[in-house]
Structure formats: C-alpha cells, structure tokens
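Quick note: the sequence shown uses the working numbering, first residue 1, plus one each step.
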Amino acid sequence: MNRIDADPGPAATEAPASVRWKGERVRATMDVGERGSSPPSRSRPAFPLAPHEVSAIATAKLPLRETLARYDIVPRKRLGQSFLHDPALGRRIVTAAGVGPGSEVLEIGPGLGALTIPLLESGARVTAIEIDRRIADCLQETIGERPGFTLIREDVLRIDLTEVAPSTGVLVANLPYSITGPLLARLIDHVDRIPRAVIMVQREVGNRLLAGAGGRGLGAPAVLLRLLYRVRRLFEVGRGAFYPPPDVVSAVLALDRIPGAALDSSLRQAVNIAYRHRRKMLRKTLKETVASEEVLAAALVALGRSDRARPEDLEPEDWPVLLERAGARSSPREKRS
Ligand code: SAM
Numbered sequence: 001m002n003r004i005d006a007d008p009g010p011a012a013t014e015a016p017a018s019v020r021w022k023g024e025r026v027r028a029t030m031d032v033g034e035r036g037s038s039p040p041s042r043s044r045p046a047f048p049l050a051p052h053e054v055s056a057i058a059t060a061k062l063p064l065r066e067t068l069a070r071y072d073i074v075p076r077k078r079l080g081q082s083f084l085h086d087p088a089l090g091r092r093i094v095t096a097a098g099v100g101p102g103s104e105v106l107e108i109g110p111g112l113g114a115l116t117i118p119l120l121e122s123g124a125r126v127t128a129i130e131i132d133r134r135i136a137d138c139l140q141e142t143i144g145e146r147p148g149f150t151l152i153r154e155d156v157l158r159i160d161l162t163e164v165a166p167s168t169g170v171l172v173a174n175l176p177y178s179i180t181g182p183l184l185a186r187l188i189d190h191v192d193r194i195p196r197a198v199i200m201v202q203r204e205v206g207n208r209l210l211a212g213a214g215g216r217g218l219g220a221p222a223v224l225l226r227l228l229y230r231v232r233r234l235f236e237v238g239r240g241a242f243y244p245p246p247d248v249v250s251a252v253l254a255l256d257r258i259p260g261a262a263l264d265s266s267l268r269q270a271v272n273i274a275y276r277h278r279r280k281m282l283r284k285t286l287k288e289t290v291a292s293e294e295v296l297a298a299a300l301v302a303l304g305r306s307d308r309a310r311p312e313d314l315e316p317e318d319w320p321v322l323l324e325r326a327g328a329r330s331s332p333r334e335k336r337s
C-alpha cells in the first residue's frame, strides 16, 4: 500500500518532523520559511517510488516532483495532499465547471494549481482557500501575480465563507477526503452563493451522494444536499492521475442547484434526527418533533412507503412531502417560490 503518514501532532501549518513512506522513515524537510538558510537539495530521495509510480510521474506533464522538491514540501496525507499531475484532466474538470470570462470561482485546496491555472486561463476570477502555508507560499510565488487570482491562507472549515466567497460563483475543488463531509454541510448553508459546484471526491463518497431509497448509502447530509442540488457523476479518476497516488479511486461530480430549492429548519431537523437513529422506524424517531406516530404512519402510507419505513427507505424528494402530509411544514412549492 502506498502510504504517507505524517507524524501526529504538528499543527496544519507546521512541517512534520518525519514522514513514513512504504514503512520507511524519511526525514521531513524544513518549512519554506527557512528556505533561505538551507537550500533544498533536488537529489534528496524524499519519495522512494514503486516502478509503476515512477513511470506515472515520468509521463506527467506537470513538474510536480520538481516543484515539491524546490519548495521543500513533503505531501501530507492528513491534508489529502495528492496532487493532480495530468493537465488534460485539470482542463476537463474546468470545462465541466462551465466557467469562462466573467465567472467567479471559489476553489478549495488549490494545491500547486492543477485546477487553478486552467481556471484562470479560462478567464474566470478565482478565490482560492489553502490551509497549508508552504503550499500557499509556492502558489503565491508561481501564480500569485496572475490577474483575477486571490489566495486566502485559511482553513475552509473555519473561515466565514460569506466574507470571502464571491456573491455568486461556482465552487471547484479536488477535495481532501478528510473534509468532504463537513465541507458539503457548509455548502448546504451557502447554497444561495453557490449555484453550481464541480467537485472531485472519493468514489465511495460519490456513490453515497447518488444513492437511492433501499440502499444504505444515503446519510443526512446527502439527503439535504440532494434536496438543494441535482447531483450527477461526470467521470472517475484513477489513482495514477495523482502524485503521490491516493489509496482510492476518485469521482468528479457536478452539483446544480434546483431552481428555487430551499430547506426549512423543520425539514433539516427531521432528516438529521431520523438519520441519527437510522435503524429505527421513522414513525418512532419523529413522533416527538414532527407528528404523532399515527399521523406519521398514515403520511408514509400515503407516500407509497411502508408505515414501518426507516430513513433509508425514502428517496430524498420524499422528505418534504412526508413532512407536509404530516402537517409539519408548508408546501414545498410555497417554500421554493
Ligand atoms: N487542487 C489541487 C490538485 O487538484 O492537485 C490539490 C488537491 S489536494 C487533493 C487537496 C488540497 O487541499 C491540498 O492542497 C491541501 O493542502 C488543501 N487542504 C486540505 N485541507 C484544507 C482545509 N481545511 N482548508 C483549505 N485547504 C485544505
């Protein structure tokens, strides 16, 4: 297995003391802030690679290894630092985002710019949020002067998105797997600003976001997201498209806001409570907050579902109708106006 495990402990913006690559301990490099005092060595074997990985890198057109070595950056697994090295794929994702001159883009985790550069070349203005100081330094030095580019050195999960995000724009991201869930939850809160998103996620996460009734895949965030966005899988991306290669296959998804879609608090609350007890019957878990057990049972049957239905027996679009039938919320049409 290809694994890079940074030592636990250091804050996100500090360099790890050492990393583990395929079981070997490799000395970690200094932060870019120390570049002046200790010039990085290009020959340092920071990334012992398997032969198939070497050939993947050799055919790459983006000089990722050189850039990482020059800026003394050791990719950190816990920040999801697997960088796309195929420029054609970067362009394909940007084309899918449908942006061009005049578009506003919010990019999460620009890394070394695999998506940022084609986004800027399309004529779009890009606000990019990057947590890693060394990577941000590198990006600032390489593309910081390009017109239309704004770099924000922050944790996207902590920053107030309403302050930094364009008033309306497209979100583009090759998402670090560790933050996919919380970021999608934030997307739900900022739906008015983000009518479209093109995101690369772990294939299994994509499958969960696209799951239907009867499967175990859906969770509360996926249901809420699907009530706001039409979610489509565009294509899959193999491990070899990244350096270092991640453990999993990725999928690129397009999310398009359903015109007028909105979530009210009772709907959010009901979905969240139901999925917190996903093995229990809805008429039991929702009887305190939505309606009596009898009313819920009747509403489920009117919906064509069993009165013993659990959350995973419902399609996302069943939820507003269920709550409306149970008398807990106004008509979805009224809410969507
Ligand atoms: N977009 C680049 C690409 O496609 O090659 C890099 C993608 S890499 C999978 C994820 C990037 O997100 C890394 O640059 C990482 O440092 C950054 N990142 C991780 N967690 C973050 C967070 N909480 N806020 C902002 N950026 C984050």
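For each residue, glycine too, the CB sits at the ideal point set by N, CA and C.
Cβ-heavy atom distance, residue i to the ligand SAM, below 6 Å
i    : result
E130 : yes
N174 : yes
G260 : no
V156 : yes
P101 : no
P110 : yes
F83  : yes
I135 : yes
L79  : yes
I179 : yes
A161 : One point to set straight first is that residue 161 is Leu, not Ala, in the sequence displayed. No - the ligand SAM has no heavy atom lying nearer than 6 Å to the Cβ of L161.
L115 : yes
Between the CA atoms of residue j and residue i - distance to the nearest angstrom
i    : j    : result
D31  : R134 : Interpretation of D31 is limited by its pLDDT of 22, a score under 50 that renders its predicted location unreliable; the figure taken from the coordinates is listed afterwards. One C-alpha to the other measures close to 6 Å.
P39  : N272 : In this prediction, P39 has a pLDDT of 35, which is less than 50 and means its spatial position is unreliable; what the coordinates show is noted afterwards. Their backbone Cα atoms lie some 52 Å apart in a straight line.
K284 : R278 : 11 Å
D7   : L115 : Note that D7 scores 28 on pLDDT, short of 50, meaning its location in the model is unreliable; the coordinates nonetheless yield the value given after this. Their backbone Cα atoms lie some 29 Å apart in a straight line.
L314 : F149 : 43 Å
R153 : P259 : 33 Å
A328 : D264 : 11 Å
I143 : G212 : 42 Å
L363 : Y71  : Residue 363 cannot be examined here, being either before or after the span of the chain that is shown, 1 to 337.
L224 : A69  : 42 Å
A185 : T95  : 25 Å
V321 : R305 : 12 Å
S103 : L157 : 24 Å
W319 : V301 : 13 Å
Residue i - partner residues in DSSP beta bridges
i    : result
D256 : R196 and R230
T150 : T127
E236 : A251
Q202 : S250
E104 : R125
Proximity below 7 Å, CB of residue i to CB of residue j
i    : j    : result
A262 : A299 : no
I131 : D160 : no
R226 : P316 : yes
A124 : L151 : no
A274 : P311 : yes
Y229 : G80  : no
A309 : L282 : yes
A254 : V198 : yes
R222 : R208 : First, the residue type needs correcting, since residue 222 is Ala and not Arg in the sequence shown. Yes, the pair counts as a contact, with Cβ atoms nearer than the cut-off.
L106 : Y243 : no
F83  : L119 : no
Residue i: CB within 6 Å of a non-hydrogen atom of the ligand COA
i    : result
L161 : You won't find the ligand COA in this model; what it holds is the ligand SAM.
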